[in-house]
Amino acid sequence: MRALALLVVAALAPALAAAQTPGRPGPFAVDVRAATGALPQDPSFFPPVPTATPIPTMSVGFDVGAHVYLFGVGPARIGLGASLLRAGGSASPPKPTAAASTTPPPRQTLPDVDTRVQMFTPQLSLNFGSSRGWSYLSAGVGQISVQTTTSAFAAGASSTAATTPARTRETAALQTTNFGGGARWFTTDHVAFSFDVRFHKVRGRTKEGISTVPVMLVTASAGISLK
Numbered sequence: 009m010r011a012l013a014l015l016v017v018a019a020l021a022p023a024l025a026a027a028q029t030p031g032r033p034g035p036f037a038v039d040v041r042a043a044t045g046a047l048p049q050d051p052s053f054f055p056p057v058p059t060a061t062p063i064p065t066m067s068v069g070f071d072v073g074a075h076v077y078l079f080g081v082g083p084a085r086i087g088l089g090a091s092l093l094r095a096g097g098s099a100s101p102p103k104p105t106a107a108a109s110t111t112p113p114p115r116q117t118l119p120d121v122d123t124r125v126q127m128f129t130p131q132l133s134l135n136f137g138s139s140r141g142w143s144y145l146s147a148g149v150g151q152i153s154v155q156t157t158t159s160a161f162a163a164g165a166s167s168t169a170a171t172t173p174a175r176t177r178e179t180a181a182l183q184t185t186n187f188g189g190g191a192r193w194f195t196t197d198h199v200a201f202s203f204d205v206r207f208h209k210v211r212g213r214t215k216e217g218i219s220t221v222p223v224m225l226v227t228a229s230a231g232i233s234l235k
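When we follow the working numbering, the leftmost residue of the sequence shown carries the number 9, and every step to the right adds one.
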């Protein structure tokens, strides 16, 4: 009986070892994350506004994506996927106040500014680690659109000053080259904490008389990954 038990243990040992050894990254991952990032600062992304107008510099939003893991190359595993980020930010000048309670407040001479961005970011990735957690480096070519809205404002504080109406400038889809990295750490078999930091090099473009200049934007996101 003792010999038989030893034979059974010897036969099962490779299978038990394989079961305890984590596999390679994958086979897929779905990301849901909160995101923040820089917004374009160049005047080409805004309707015409007075020089002193405050403009938003940072955005807050969300980032969702999905990736599949195809095959191994040395210590890495190749992944292919894409993410969609939508975020926005706003800025407002100080509100004018009246000199006395019985005096109507002066008119607003600077607009509120609201900027919204949407980025579609395909990525080819190199992933290092195991199915329990891995880090990655990735890059790809995608698109961004930027929409900026300004509120109505007056040319002066007097009641007779001309009013500039609310206006919106929306770019055409601009090509981006993205590169960055991040990681996923699985706390259970199917749920991980994940983060991503990414640089987006935005190409300039002229369309329908509107020109935008090249800019570099940085985004960061953190949340969960599912597999």
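Glycine included, each C-beta is placed from N, C-alpha and C at the ideal position.
Cα separation between residue i and residue j?
i                 : j                 : result
threonine 44      : glutamate 178     : 20 Å
leucine 118       : threonine 61      : 6 Å
leucine 225       : aspartate 122     : 17 Å
threonine 157     : serine 91         : 25 Å
isoleucine 218    : valine 76         : 38 Å
serine 133        : serine 146        : 4 Å
alanine 46        : alanine 180       : 19 Å
leucine 88        : proline 35        : 11 Å
serine 153        : threonine 29      : 44 Å
threonine 171     : alanine 163       : 6 Å
glutamine 49      : glycine 82        : 42 Å
phenylalanine 207 : phenylalanine 187 : 5 Å
histidine 198     : glutamine 183     : 34 Å
phenylalanine 203 : arginine 85       : 19 Å
arginine 211      : proline 114       : 41 Å
glutamine 126     : serine 100        : 22 Å
glutamine 151     : phenylalanine 53  : 15 Å
glycine 148       : serine 167        : 53 Å
proline 33        : glutamine 131     : 16 Å
Across which residues does DSSP place residue i in a beta bridge pair?
i            : result
aspartate 39 : Gly73 and Ser233
valine 125   : Ala95 and Val154
Does residue i come out as helix, strand or coil in the three-state DSSP assignment?
i                : result
phenylalanine 54 : coil
proline 130      : strand
leucine 78       : strand
alanine 174      : coil
leucine 225      : strand
alanine 46       : strand
glycine 34       : coil
alanine 27       : Here the model assigns alanine 27 a pLDDT of 44, short of 50, so the residue's position is not dependable and the matter cannot be decided.
Grab the span of the beta strand (DSSP E) containing residue i for me, first residue to last.
i             : result
serine 167    : From DSSP, serine 167 is part of no beta strand (DSSP E); its letter is neither H nor E.
glycine 89    : 84 to 99
serine 202    : 199 to 210
arginine 147  : The sequence shown places alanine at residue 147, rather than the arginine named in the question. Start and end: 141 to 158.
threonine 220 : 218 to 220
threonine 184 : 182 to 194
threonine 214 : 213 to 215
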